[in-house]
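Colleague: The listed protein sequences correspond, in order, to chains D and L. In case it helps, the numbering used here puts the first sequence at residues -11 to 192. In case it helps, the numbering used here puts the second sequence at residues -11 to 192.
Number of protein chains: 2
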Amino acid sequence: MPKRVDHEERRAQIAEALVRVAGRRGLHAVGMRDVAAEAGVSLRLVQYYFETKEKLLHYGLRHLADRFTARVGARLRAVGPEPGPRATAEALLLVSLPTDEESRRFHLLWTSYAVLSVTDEKLAAQPFVADPDAAEDALTGLIRQAQDAGLADPGADARTEAISLLAMAATLGTSILVGQRDVASATAVLHHHLDRIFGPAGKG
Amino acid sequence: MPKRVDHEERRAQIAEALVRVAGRRGLHAVGMRDVAAEAGVSLRLVQYYFETKEKLLHYGLRHLADRFTARVGARLRAVGPEPGPRATAEALLLVSLPTDEESRRFHLLWTSYAVLSVTDEKLAAQPFVADPDAAEDALTGLIRQAQDAGLADPGADARTEAISLLAMAATLGTSILVGQRDVASATAVLHHHLDRIFGPAGKG
DNA sequence: AACTTCGTGGTACGGTCGTATCACGAAAGC
DNA sequence: GCTTTCGTGATACGACCGTACCACGAAGTT
């Protein structure tokens, strides 16, 4: 066999090119040729590693989700060792807001894919159910954990509050994206509810 | 002059065809020929009343917003004469959830347009700022009104709560659309917060 | 009755898009 | 060292899309 290139790595490079160009011009407007140009390879290469555009888009979604998961992990590790439930919950919510280029891209493309999945049955809708469910479970666990430790309002319905917080974060992110709101005011709204649930005292 | 057709009415018919077919196959997948076929007219007619596709899409967005405004008005009138602030607020929030075919279509297409407006500078981003701002003002006013009448927690920050409620309703709608959640659980979350703000007693 | 103007249909054109085909160099196995 | 297979490039093909063009009937005006 010849050059023995790492296909998976190459696919990741091309998928990142897809994400970049789609973040710039919109997912609907990106073609195979655009991805090839952005990645600095020939159109044939994109066809070679992803046989069809549909597979490229599928891979792009998975790549996007993986990158985001890694970003969440990094953010959680960055809040310091042994973080309290509230600090963890706050990091979880704030990381999804479009504050820099990458999170802006993620928010835009995730929403684009979600919209596509409603009408294109070929595109897997599963990530848009499983991933939010996982986030919901994690946040519910954090609130319960804080309640057990006496660090949160014991009367709060943990799951309902988790759903609410995540729902708010998502729409606030979108409103930042379209220019209706700025990051500071979105953050303030989330802090208000974190204070309500965890109590204003336990910010650590 | 010949047949003297009402252009505005004809445009509305075509725009409704656009909304229908876009709701079925996705906004990105709809072409001039699809709209023409859905409306039962020739391609040339669509070109005649909307010179370009861009203008058709613009008109479609405006038509969508108008239809939704009308729907909100009807819903508010349906809650009965002289409704309390809480009932009005509840109607305002619930009407945007995708519960039937039309609201499902509205939610999907509104989100599609919003996503488009981020990258296509030709498409007006203004509706996605002005309309949510108006809803936010309206809901804030309702909460303040209830507070003045002693029908809501006087300590609540009306604007923050209004932003939160609308943000939750939007994401809950999307999660219904993608099949993550059902209408009942979304409604329960909203009711929980309405009870929190207005108090469980004053449901009327 | 001739003329003008509006509404409508059919069809052609240029461009782009996803995909397929042909060609060729480079490396590993016999 | 020849062959086979992998990686890569260039280019062609068929379909579709938005738009432009041409033609014609129908209804008012003079």
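Note that the Cβ used here is the ideal one computed from N, Cα and C, for glycine as well. All of these numbers come straight from a predicted model, not from anything done at the bench.
Closer than 8 Å, Cβ to any Cβ of chain D: which residues of the stretch 109 to 135 of chain L, in chain order?
Modeller: Cβ contacts with chain D come from Ala113, Phe116, Val117, Pro120, Asp121.
Colleague: What three-state label does DSSP hand Thr40 (chain D) in the structure shown?
Modeller: Coil.
Colleague: Along chain L, in chain order, which residues have C-beta atoms closer than 8 Å to that of Gln168 (chain D)?
Modeller: Ordered by position in chain L, the residues that pass the 8 Å Cβ test against Gln168 (chain D) are Phe116, Val117, Pro120, Asp121.
Colleague: I need the DSSP call for Arg8 (chain D), collapsed to helix, strand or coil.
Modeller: Note: Arg8 (chain D) maps to helix in three-state DSSP.
Colleague: Is Gly192 (chain D) helix, strand or coil when you go by DSSP?
Modeller: For Gly192 (chain D), the predicted model reports a pLDDT of 44, less than 50, meaning its position is unreliable; a value from the coordinates is still stated below. If DSSP states are grouped into helix, strand and coil, Gly192 (chain D) belongs with coil.
Colleague: Cβ closer than 9 Å: which chain D residues qualify as neighbours of Val177 (chain L)?
Modeller: Per Cβ cutoff of 9 Å: Thr148, Ile151, Ser152, Ala155.
Colleague: Going by C-alpha distance, which of D:Asp183, D:Gln168, D:Leu154, D:Val166 is nearest Val177 (chain L)?
Modeller: Taking only the C-alpha atoms, the option nearest Val177 (chain L) is D:Leu154.
Colleague: To the nearest angstrom, how far is it from the Cα of Glu149 (chain D) to the Cα of Arg184 (chain D)?
Modeller: The alpha-carbon atoms of Glu149 (chain D) and Arg184 (chain D) are separated by roughly 10 Å.
Colleague: In terms of residues, what are the limits of the alpha helix (DSSP H) holding Pro86 (chain L)?
Modeller: Here Pro86 (chain L) belongs to no alpha helix (DSSP H), and DSSP marks it neither H nor E.
Colleague: Check Ser91 (chain D) in the structure and name its three-state DSSP category.
Modeller: Helix.
Colleague: So for Arg(-8) (chain L), helix, strand or coil by DSSP?
Modeller: It is coil, neither helix nor strand.
Colleague: Which whole-angstrom value is the C-beta distance of Ala0 (chain D) and His51 (chain D), which I expect to be below 8 Å?
Modeller: That belief holds up - the Cβ atoms of Ala0 (chain D) and His51 (chain D) are roughly 7 Å apart, short of 8 Å.
Colleague: Can Ala276 (chain D) and His16 (chain D) be called in contact, C-beta distance under 8 Å?
Modeller: Nothing can be reported for residue 276 (chain D), as the shown portion of chain D is limited to -11 through 192.
Colleague: Looking at the secondary structure, which residues open and close the alpha helix (DSSP H) in which His179 (chain D) lies?
Modeller: 171 to 186 is the span of the alpha helix (DSSP H), which, as asked, contains His179 (chain D).
Colleague: Quick check on the DSSP output: the alpha helix (DSSP H) that includes Ser163 (chain D) runs from which residue to which?
Modeller: Its alpha helix (DSSP H) spans residues 146 to 165.
Colleague: Closer than 7 Å by beta-carbon distance: list the chain L residues that pair up with Ala234 (chain D), in chain order.
Modeller: The question about residue 234 (chain D) has no answer here: the residues shown for chain D are numbered -11 through 192.
Colleague: For the alpha helix (DSSP H) holding Gly129 (chain D), just list the boundary residues, first then last.
Modeller: Counting along the chain, the alpha helix (DSSP H) containing Gly129 (chain D) begins and ends at 115 to 136.
Colleague: In whole angstroms, give me the CA-to-CA distance for Leu85 (chain L) and Met156 (chain L).
Modeller: Going by the C-alpha atoms only, they are around 10 Å apart.
Colleague: So which residues of chain L does Asp145 (chain D) contact, with C-beta pairs closer than 8 Å?
Modeller: By Cβ distance, chain L contributes His180.
Colleague: Contact criterion: CB-CB distance below 8 Å. Does Ser84 (chain L) meet it with respect to chain D?
Modeller: Answer no: the Cβ-Cβ gap between Ser84 (chain L) and chain D never drops below 8 Å.
Colleague: Using a Cβ-Cβ cutoff of less than 7 Å, which residues in the same chain neighbour Pro115 (chain D) once the five nearest sequence positions on both sides are dropped?
Modeller: Closer than 7 Å at the Cβ level, and outside the excluded window around Pro115 (chain D), lie Leu49, Ala53.
Colleague: Would you mind reading off the limits of the alpha helix (DSSP H) that contains Asp22 (chain L)?
Modeller: Looking at the DSSP string, the run of the alpha helix (DSSP H) that includes Asp22 (chain L) is 20 to 27.
Colleague: Is Arg32 (chain L) close to the ligand PLP? I mean its beta-carbon at under 7 Å from any heavy atom of the ligand.
Modeller: As presented, the structure is devoid of all ligands, the ligand PLP included, so that no description of it is given.
Colleague: Are the beta-carbon atoms belonging to Val103 (chain L) and Val103 (chain D) less than 8 Å from one another?
Modeller: Cβ distance < 8 Å, so Val103 (chain L) and Val103 (chain D) count as in contact.
Colleague: Which same chain residues, not among the five before or five after Met(-11) (chain D), have their C-beta less than 7 Å away from its C-beta?
Modeller: With a pLDDT of 46 at Met(-11) (chain D), under the threshold of 50, the modelled position of that residue is not reliable, and the figure given next carries that caveat. Result list for Met(-11) (chain D): empty, nothing under 7 Å.
Colleague: Counting only C-beta atoms, is Gly48 (chain L) closer than 8 Å to chain D at any point?
Modeller: False, the Cβ-Cβ gap to chain D never drops below 8 Å.
Colleague: Can you list, in chain order, the residues of its chain with a C-beta nearer than 6 Å to that of Ala5 (chain L)? Leave out the 5 residues immediately preceding and following it.
Modeller: Cβ neighbours of Ala5 (chain L) beyond the five flanking positions: Val23, Glu26, Ala27.
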